[in-house]
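*Asks:* Before we start, here is the structure in question, set down as structure tokens.
In my numbering, the protein residues as written are -15 to 68.
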């Protein structure tokens, strides 16, 4: 099983949450609310207990968000460097 991650960035803080299976589309829809007065309810995985939990987000306090896809990637032939 592959796991995707939600990265949230604010003024002086960063959070990384594992995305609960089957909720990636909902999370991608919710991050469109960044900078608005809306709040969001997201299902993520708590890293301490490995259990699904509800994360409430005040989108007005989030400066940026990104969903990191958990699908495996292949390295191109000839790729080099620290991150290849």
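Glycine included, each C-beta is placed from N, C-alpha and C at the ideal position.
With a Cβ-Cβ cutoff of 8 angstroms, do residue 54 and residue 7 count as a contact?
*Replies:* Not a contact, by the Cβ cut-off of 8 angstroms.
*Asks:* If distances are taken between C-alpha atoms only, which option among 1, -7, 22 and -8 comes closest to residue 44?
*Replies:* That would be 22, whose Cα lies nearest to the Cα of residue 44.
*Asks:* Looking at residue 37 and residue -10, is the spacing between their C-beta atoms short of 8 angstroms?
*Replies:* No, Cβ-Cβ distance for residue -10 and residue 37 is not below 8 angstroms.
*Asks:* Roughly how many angstroms lie between the CA atoms of residue 48 and residue -3, to the nearest whole one?
*Replies:* If you take the alpha carbons of residue 48 and residue -3, they lie about 11 angstroms apart.
*Asks:* Which two residues bound the contiguous alpha helix (DSSP H) that contains residue 38?
*Replies:* Careful: residue 38 lies outside any alpha helix (DSSP H), inside the beta strand (DSSP E) at 36 to 42.
*Asks:* Compare the C-alpha of residue 40 against each of 32, 52, 17 and 33 and name the closest.
*Replies:* Per the Cα distances, 17.
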